[in-house]
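Trainee: Starting off with a structure, shown below.
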Amino acid sequence: MLKYAKDGVSVVLTLDTRREKKDGLFPVKIQVVQNG
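Residue numbers for the sequence shown follow the numbering used here, beginning at 318 and rising by one.
Below, the structure is given as structure tokens:
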């Protein structure tokens with residue numbers, strides 16, 4: 318998991334290991350939140 322915040326905006330990147338894709342890779346979830 319990677320968190321980054323700047324100027325009231327937060328971004329969270331998470332590797333979703335629950336579901337493996339056909340090519341053996343895993344999807345990445347991106348969450349963007351505006352604070353304020």
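The beta-carbon is built from N, C-alpha and C at its ideal position, and this holds for glycine as well. Quick caveat, the model's predicted, so the values are computed rather than measured.
Over what stretch of residues does the beta strand (DSSP E) that includes K339 continue unbroken?
Mentor: Per DSSP, K339 belongs to no beta strand (DSSP E) and is neither H nor E.
Trainee: Rounded C-beta distance between V350 and S327? I'm assuming under 8 Å.
Mentor: About 5 Å; that satisfies the 8 Å criterion.
Trainee: Report, in whole angstroms, the separation of the C-beta atoms of M318 and T331, which I expect to be a contact under 8 Å.
Mentor: At roughly 5 Å, the Cβ-Cβ gap stays under 8 Å, so M318 and T331 are in contact.
Trainee: Can the beta-carbon of V329 be found less than 8 Å from the beta-carbon of K339?
Mentor: No, Cβ-Cβ distance for V329 and K339 is not below 8 Å.
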